[in-house]
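Working notes for the structure below.
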Ligand code: XAN
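Residue numbers (UniProt numbering): 1 to 454.
This is the structure:
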């Protein structure tokens, strides 16, 4: 009992359910050698005083300062790591033109490992500084640079799930940026999976290979089939884009006479370790297939405003039983912050609600079937992300990883608007969600290790 390498004392916010925030005031969090939360002790529990007496004053005993609060680290379910180099630019074209004009020429540059090192190193630092402790990454078609991204996550302490992108169809991809052919794409994907699995043996927080067909239009049937088989053989996560725009949706319908969801399923690419970005245009049958197979949605509300010109009917899909988390979708979404995306998820859901929302009648709450609250957006950024990945992350709960952000509400450069010394704790939570800036994120921990200090 007294052998914990770390104990934290402080007030924490964590999701109980999508609707409900748990406020753990002055709780003790006992972390074991594997970086997992072994025990959470409430102030009225018998052991509480005894644990404090035994450990106080020692190096491993961390008492949060006044005005500091604990939140779970965020889980970003959709990041195009190479596109960080164009974040904030190139927001003016629709998806197909955007890919060909800006994005493919940029991604083609990652044959240069020095360039990859500087972009990926800066991105991982930036995401950690924004409170993101787990990230699901698309890299590029290049095996070496994709492996470098996994190594950078390993070294900087972030839990990274990384995919070498597959795009092999010569009709659909430019000659300067694509896999040579399906056979090469599959061989290199398998080599990548094995290399990341080997790397993972030495990494406390975990790095994982992800089978990553870019989206159906970029891949041949042979590649899609082979990728489904590799995911099954190595029990990996799978990621892609699904039903994300009118153009992509139409392409799949013409090619297979079915929707993306059913085509992906036929290739063995929907499982409880699959995360599909966007998915705005899923029909009810598609959504039911997601729920049945355990496939999750990476909801990217900022990106959707630019590239899907639509809003995900999140509330409806969640009620159908689909796991949903949040993604920044760098660089279609021009911010590294899941705080920004949590706020946008709330705003977008409100825009879908009145007037435009004729198809979604009011539910038992008496509101139209789209509105989500900041509690639910927080859930998406934390517990929902963990559930989508089937990993024990995103909650401050026994048996979960110690992945946390310590928020300083009194940071001199970004003091939050708290003027009442007895401010209600739920109000403080809301003020954090709406007002936090990187200056407020004082420390970030992943799997029991400190990975960022400000
Ligand atoms: N579909 C995509 N959507 C997106 O938002 N970003 C991408 O890079 C991409 N590729 C296919």
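Ideal Cβ positions, reconstructed from N, Cα and C, are used throughout, including at glycine.
Query raised in the report: Thinking C-alpha only, which one of 14, 65, 58, 20 is nearest residue 40?
Result: 14
Query raised in the report: When DSSP labels each residue in this structure, what does residue 132 get in the three-state scheme?
Result: strand
Query raised in the report: For residue 166, which residues does DSSP report across the bridge?
Result: 213
Query - residue 98 (DSSP reduced to helix, strand or coil) - result: helix
Query - For residue 52, the nearest candidate out of 82, 208, 21, 7 (CA to CA) - result: 7
Query - Backbone CA spacing between residue 283 and residue 296 [nearest angstrom] - result: 15 angstroms
**Report entry** residue 447 versus residue 411 - alpha carbon distance
**Finding:** 25 angstroms
Requested in this report: With DSSP collapsed to three states, give me the class of residue 239.
Outcome: strand
Report task. For residue 284, name the three-state secondary structure that DSSP assigns. Result -> helix
Query - the segment 373 to 380 in contact with the segment 334 to 342 per 3-pair CB rule at 8 angstroms - result: yes
Query raised in the report: For residue 72, does the three-state DSSP call read helix, strand or coil?
Result: strand
Report task. Using the Cα positions of residue 134 and residue 396, report the straight-line distance between them to the nearest angstrom. Result -> 15 angstroms
Report task. Please say whether residue 394 and residue 75 have beta carbons closer to each other than 9 angstroms? Result -> yes
Query - N-terminal and C-terminal residue of the beta strand (DSSP E) that residue 234 is part of - result: Note, residue 234: premise wrong, no beta strand (DSSP E); alpha helix (DSSP H) at 221 to 234.
Report task. Work out the CA separation of residue 30 and residue 215 for me, nearest whole Å. Result -> 43 angstroms
Query raised in the report: Looking only at its own chain, which residues have a Cβ that is under 8 angstroms from the Cβ of residue 433, when we skip the five neighbours before and after it?
Result: 339, 342, 343, 374, 377, 378
**Report entry** Rounded straight-line distance, which links the Cα of residue 99 to that of residue 167
**Finding:** 12 angstroms
Query - Contact check, residue 240 vs residue 276, beta carbons under 9 angstroms - result: yes
**Report entry** Segment limits, alpha helix (DSSP H) that includes residue 55
**Finding:** 47 to 55
Requested in this report: Starting from residue 28, follow the beta strand (DSSP E) in both directions and report where the run begins and ends.
Outcome: 21 to 31
Query raised in the report: The alpha helix (DSSP H) with residue 405 in it runs from where to where?
Result: Where residue 405 is concerned, there is no enclosing alpha helix (DSSP H), although the beta strand (DSSP E) it sits in stretches over 404 to 408.
Requested in this report: Return the first residue and the last residue of the beta strand (DSSP E) that residue 39 is part of.
Outcome: 37 to 41
Query - Closest by C-alpha distance to residue 237, when choosing among 381, 118, 163, 47 - result: 163
Query raised in the report: Taking the C-alpha atoms as reference points, what is the distance between residue 23 and residue 146?
Result: 39 angstroms
Query raised in the report: If residue 4 sits next to residue 32, beta carbons under 8 angstroms apart, how far is it from one beta carbon to the other, in whole angstroms?
Result: 7 angstroms
Query raised in the report: Would the beta-carbon of residue 103 be found less than 8 angstroms away from any heavy atom of the ligand XAN?
Result: yes
Report task. Measure the beta-carbon distance from residue 417 to residue 431 and round it to whole angstroms, keeping in mind my assumption that it falls under 8 angstroms. Result -> 6 angstroms
Requested in this report: Closer than 6 angstroms by C-beta to residue 311: which residues in its own chain qualify, once you throw out the five before and the five after it? Chain order, please.
Outcome: 348, 352
Requested in this report: Below 7 angstroms CB to CB, which residues in the same chain sit around residue 487 once its five sequence neighbours on both sides are set aside?
Outcome: Limits of the chain in this structure are 1 at one end and 454 at the other, which puts residue 487 out of reach.
Query - Beta-carbon contacts of residue 121 that lie in its chain and below 6 angstroms, excluding the five residues immediately before and after - result: 152
Query raised in the report: What did DSSP end up calling residue 249 once you bin it into helix, strand or coil?
Result: helix
Query raised in the report: Quick one: what's residue 159 bridged to in DSSP?
Result: 134
Query raised in the report: Heavy atom of the ligand XAN less than 8 angstroms from the Cβ of residue 171, yes or no?
Result: no
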